[in-house]
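Here the protein sequences come in this chain order: A and Z. Numbering follows the working numbering, with no gaps: position 277 of the first sequence is 277. Residues are numbered in the working numbering as their position in the second sequence, beginning at 1, plus a constant of 282. In this text, a Cβ means the ideal position worked out from N, Cα and C, and glycines have one as well.
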Amino acid sequence: MSNSHSDTVPLHPSSQSDIDEIENLINASVQSGPATVLPARPPSPPRASIPVSSTPFIQSQIPPPPPQSSSSNQKVPTVAAAPPPPPPYVGNSSSIAATGFGPAPNTLTEPVWDTVKRDLSRIVSNLKLVVFPNPYREDPGKALRDWDLWGPFFFIVFLGLTLSWSASVKKSEVFAVAFALLAAGAVILTLNVLLLGGHIIFFQSLSLLGYCLFPLDIGALICMLKDNVIVKIVVVSVTLAWSSWAAYPFMSSAVNPRRKALALYPVFLMYVSVGFLIIAIN
Amino acid sequence: MDLSQPVEENYANPKTCFFHVLFKASALAFYILSTLFANSFVIIFVITVVLAALDFWVVKNVSGRILVGLRWWNEINEQGESIWRFECLDQEAVAWGIFGIFSMVRLEVDYLLVVAVCFSLAIANIIGFTKCRKDARNKIQAFASRTIASRFSSTLQSAFSLV
Chain A
1 MSNSHSDTVP LHPSSQSDID EIENLINASV QSGPATVLPA RPPSPPRASI PVSSTPFIQS
61 QIPPPPPQSS SSNQKVPTVA AAPPPPPPYV GNSSSIAATG FGPAPNTLTE PVWDTVKRDL
121 SRIVSNLKLV VFPNPYREDP GKALRDWDLW GPFFFIVFLG LTLSWSASVK KSEVFAVAFA
181 LLAAGAVILT LNVLLLGGHI IFFQSLSLLG YCLFPLDIGA LICMLKDNVI VKIVVVSVTL
241 AWSSWAAYPF MSSAVNPRRK ALALYPVFLM YVSVGFLIIA IN
Chain Z
283 MDLSQPVEEN YANPKTCFFH VLFKASALAF YILSTLFANS FVIIFVITVV LAALDFWVVK
343 NVSGRILVGL RWWNEINEQG ESIWRFECLD QEAVAWGIFG IFSMVRLEVD YLLVVAVCFS
403 LAIANIIGFT KCRKDARNKI QAFASRTIAS RFSSTLQSAF SLV
């Protein structure tokens, strides 16, 4: 592999292993993109200083890479005089070919589909973790470790669209109000928990509050299809309870036990107001 | 050293550039020409924001990989693509900022919402790439200094072994 890209000077046999070592060094320092994304992996893997996935950058920018510098320092004394420019090229071509672009002359869509599929599977796994009963719910440190903001984005836009379609007048205002209420509400609720001295990560909490909208999305869809007031009230009550149940473990464990109600009440209030919006639209 | 190694990655660049610009330009164009396409604000909002989000994702994942990969090459060989890309990010954020000011002046709060979302996506990309670039530059410097030091010491060793 390295010989195909090297320059015309044949390499000394002892430098071949050094080139491999330098390749490993480069591969270790260049984030090669997670091939498999586990739902409960730690939020800050030491190598991930370069955002390759679709999660916003802050998650992967936090840790400086001390482990890899120490490991590469151990490798350095054994590296012999392989000239610096070709090995980085060799290493990078292999890492780039391996990570994302596939065989380079092919179209760009091949690796992009892989990324899309990985992102979609992450959305589905996050949804299952947050909204449906599963063994990890009681451990909020594990749930939504692998947060992303695409799921919340889709759910907020879907809820806005559903409310807008249900409305017979002022469709634009309904959509704008729903979107702004949910987006600003999520930010304010997260700030509320942070100001109460709670320990959450900002984007993780935004992600959670967005995913917990999924039951209300279902409720809004049913209410759009079936216009009876009694049915609407029942459906909205059930989905509201479901949303609150989904948000409860995470929010309550993030704060001091004496301040649990202060953190949970605004969340419940926001979902209740969305519920009223769903019922009142006609 | 000869500069023919990054040939394969350079083949990928035209398509990358095309996609990089496509979603950005279509988000801005759709926002500006929105009244030609749709009467409803909701449609305008959703399509503009979805295009901006797709552009954000493309820049982050696709251009980010090229940026990271190519930056190693560019620092050692030639500048060019990465700088262009980074400047383009700045211009896009400035464009959305100007649209935000326009919509504030005209007191169109719902369009201000659209612009705020697109602007925050552009700013997020810029901040991410600034950090990425600084980080990559530090890594390159550290790597170069390490390899230069190791090369120097091994040259000394080989010089002493010959003597």
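Between which two residues does the alpha helix (DSSP H) carrying residue i extend?
i, result
"V238 (chain A)", "V229 to A254"
"L149 (chain A)", "That residue, L149 (chain A), is in no alpha helix (DSSP H); it is neither H nor E in DSSP."
"V344 (chain Z)", "Premise fails: V344 (chain Z) is in no alpha helix (DSSP H) and is neither H nor E."
"Y136 (chain A)", "Careful: Y136 (chain A) lies outside any alpha helix (DSSP H) and carries neither H nor E."
"V169 (chain A)", "Here V169 (chain A) belongs to no alpha helix (DSSP H), and DSSP marks it neither H nor E."
"N282 (chain A)", "Premise fails: N282 (chain A) is in no alpha helix (DSSP H) and is neither H nor E."
"C400 (chain Z)", "V391 to L444"
"S316 (chain Z)", "S316 to F319"
"F327 (chain Z)", "F323 to V340"
"G198 (chain A)", "Where G198 (chain A) is concerned, there is no enclosing alpha helix (DSSP H), given that its DSSP letter is neither H nor E."
"P215 (chain A)", "F214 to L225"
"F203 (chain A)", "F202 to Y211"
Within this structure, are the beta carbons of residue i and residue j separated by less than 9 Å?
i, j, result
"V238 (chain A)", "I279 (chain A)", "no"
"L149 (chain A)", "G210 (chain A)", "yes"
"L333 (chain Z)", "S308 (chain Z)", "yes"
"S168 (chain A)", "A186 (chain A)", "no"
"S243 (chain A)", "L216 (chain A)", "yes"
"A184 (chain A)", "I156 (chain A)", "no"
"A176 (chain A)", "V391 (chain Z)", "yes"
"K306 (chain Z)", "E374 (chain Z)", "yes"
"L189 (chain A)", "V130 (chain A)", "no"
"P257 (chain A)", "S207 (chain A)", "no"
"L213 (chain A)", "L182 (chain A)", "yes"
"S402 (chain Z)", "L394 (chain Z)", "no"
"L264 (chain A)", "A247 (chain A)", "yes"
"G346 (chain Z)", "C414 (chain Z)", "yes"
"L277 (chain A)", "V328 (chain Z)", "no"
"F312 (chain Z)", "F323 (chain Z)", "no"
"V193 (chain A)", "V272 (chain A)", "no"
"W147 (chain A)", "I201 (chain A)", "yes"
"F250 (chain A)", "L127 (chain A)", "no"
Would you verify that the beta carbon of residue i is, or is not, closer than 9 Å to some beta carbon of chain A?
i, result
"L444 (chain Z)", "no"
"F368 (chain Z)", "no"
"L310 (chain Z)", "no"
"V249 (chain Z)", "The question about residue 249 (chain Z) has no answer, for chain Z in this structure spans 283 to 445."
"L304 (chain Z)", "no"
Out of the options, point me to the one whose CA is closest to residue i's CA.
i, options, result
"S252 (chain A)", "A:W113, A:F158 and A:L196", "A:L196"
"N380 (chain Z)", "Z:V396, Z:F368 and Z:L336", "The amino acid occupying residue 380 (chain Z) in the given sequence is Ile; Asn does not appear at that position. Nearest of Z:V396, Z:F368 and Z:L336 to I380 (chain Z), Cα basis: Z:V396."
"F158 (chain A)", "Z:S427, Z:I325, Z:T298 and Z:F411", "Z:I325"
"A377 (chain Z)", "Z:V340, Z:L333 and Z:A404", "Z:A404"
"N282 (chain A)", "A:L129, A:K171 and A:L216", "A:K171"
"G275 (chain A)", "A:R122, A:I222, A:V130 and A:L206", "A:I222"
"F411 (chain Z)", "Z:V399, Z:V344 and Z:R433", "Z:V344"
"T115 (chain A)", "Z:F368, Z:K342, Z:F305 and Z:Q423", "Z:K342"
"F203 (chain A)", "Z:A406, Z:L371 and Z:L304", "Z:A406"
"W339 (chain Z)", "Z:I329, Z:I409 and Z:H302", "Z:H302"
"A270 (chain Z)", "Z:S440, Z:A335 and Z:A418", "Any question about residue 270 (chain Z) goes unanswered here, given that chain Z covers just 283 to 445."
"G219 (chain A)", "A:L120, A:S166, A:G198 and A:W113", "A:S166"
"R367 (chain Z)", "Z:C400, Z:L389, Z:I408 and Z:I383", "Z:I408"
"C400 (chain Z)", "Z:R428, Z:L371 and Z:S427", "Z:L371"
Within 9 Å (strictly less), CB to CB, does residue i reach chain Z?
i, result
"P39 (chain A)", "With a pLDDT of only 43 at P39 (chain A), under the threshold of 50, the placement of this residue in the model should not be trusted, and no figure is reported."
"W150 (chain A)", "yes"
"P83 (chain A)", "Residue placement at P83 (chain A) is flagged as unreliable, the pLDDT there being 40, under the threshold of 50; a coordinate-derived value is accordingly withheld."
"F153 (chain A)", "yes"
"S71 (chain A)", "Note that S71 (chain A) has pLDDT 40, beneath the 50 cutoff, so the model's placement of it is unreliable and no number is given."
"A280 (chain A)", "no"
"L277 (chain A)", "no"
Between residue i and chain C, is there a C-beta pair that is closer than 9 Å?
i, result
"F327 (chain Z)", "Although the question refers to chain C, the structure presented lacks it and instead comprises the protein chains A and Z."
Does any heavy atom of the ligand NAP sit closer than 8 Å to the C-beta of residue i?
i, result
"A178 (chain A)", "Among the components modelled here there is no ligand, and therefore nothing to report on the ligand NAP."
In the segment 156 to 181 of chain A, which residues sit with their C-beta less than 8 Å from some C-beta in chain Z, listed in chain order?
So the close ones are V157, G160, L161, S164, K171, S172, E173, F175, A176, F179 and A180.
Cβ-based contacts, 7 Å cut-off: residues of the segment 333 to 346 of chain Z near chain A
Only A335, W339, K342, N343, V344 and G346 from the segment 333 to 346 of chain Z bring a Cβ to less than 7 Å from some Cβ of chain A.
Please list, in chain order, the residues of the segment 313 to 324 of chain Z that have any C-beta partner in chain A closer than 7 Å.
If the cut-off is 7 Å between Cβ atoms, the segment 313 to 324 of chain Z has S322, F323 and V324 near chain A.
Using a Cβ-Cβ cut-off of less than 9 Å, list which residues of the segment 372 to 383 of chain Z approach chain A; keep chain order.
Taking 9 Å as the Cβ-Cβ cut-off, the segment 372 to 383 of chain Z has no residue approaching chain A.
Taking any Cβ of chain A, which residues in the segment 387 to 401 of chain Z have a Cβ under 7 Å from it, in chain order?
Only D392 and L395 from the segment 387 to 401 of chain Z bring a Cβ to less than 7 Å from some Cβ of chain A.
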